[in-house]
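Residue numbers (my numbering): 12 to 205.
Shown next, in the form of structure tokens:
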């Protein structure tokens, strides 16, 4: 198994990176949050999962955190959820949003994901119920909504500039000093949003 890669991003597409590790280019399938978080030419460490599909090619999937990789592994253990669909889920909603959906038994958020019908959404919620950390819906919502005033102002400004709300949320989650002045928060986010 290949559990982790550290190298330089030499190619970057919305669904795939090529990471140069000691002269070897690894093609790594990725969800959108990873694409949003890395830039071509920069160093990156990815936590990986090697998927071997019966009668198909092997594929390496990469994530910026061990927790995201572990969630991916939980998703692919659900009946009829393969690696591509799991990446689709992680591209469309955040882990917190998935936890809220599971806690509230809410299929509507899940069925909006491309490739996920009502039965698959119900199966996901049922099979993940005992596997995801226990969090009350209220706690999960409070965690999602705890932006400082500066972050909320920066979020509104960045969305006003045309960035997608999900991209802005990811950038805000990654900034170094969330309590900085609005202008500093916006600058940090713009660097991440490229």
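Heads up, the beta-carbon is just placed ideally off N, CA and C, and yes, glycines get one too.
Cβ neighbours of residue 74 within its own chain (closer than 7 Å, five residues either side excluded): 45, 57, 58, 80, 83. According to the DSSP assignment, residue 122 belongs to the alpha helix (DSSP H) that extends over 118-122. Take residue 98, set aside five residues on each side of it, and the residues of its chain with a beta-carbon closer than 7 Å to its own are 40, 42, 72, in chain order. Residue 179 sits in a helix when the DSSP states are folded into three classes.
For residue 17, the pairing in a beta bridge is given by DSSP as 56. Shown here for residue 50: same chain residues with a beta carbon closer than 8 Å to its own, the five before and five after excluded, namely 20, 23, 205 in chain order. In the structure shown, the three-state DSSP call for residue 83 is helix. Considering only 15, 53, 68, the residue with the shortest C-alpha distance to residue 77 is 15. Straight-line spacing of the CA atoms in residue 93 and residue 102 works out to 14 Å. With respect to the 8 Å criterion, residue 85 and residue 113 are not classified as neighbours on the basis of their beta carbons. In the DSSP annotation of this structure, the continuous segment of the alpha helix (DSSP H) that includes residue 171 starts and ends at 160-171. Distance from the CA of residue 173 to the CA of residue 12, rounded to the nearest whole angstrom, comes to 41 Å. For residue 203, the enclosing alpha helix (DSSP H) covers residues 193-204. The beta-carbon distance between residue 31 and residue 18, rounded to whole angstroms, is 5 Å. This is short enough to meet the 8 Å contact definition. Non-local beta-carbon contacts of residue 69 in its own chain, meaning distances under 8 Å to residues more than five positions away in sequence, involve 61, 62, 63 in chain order.
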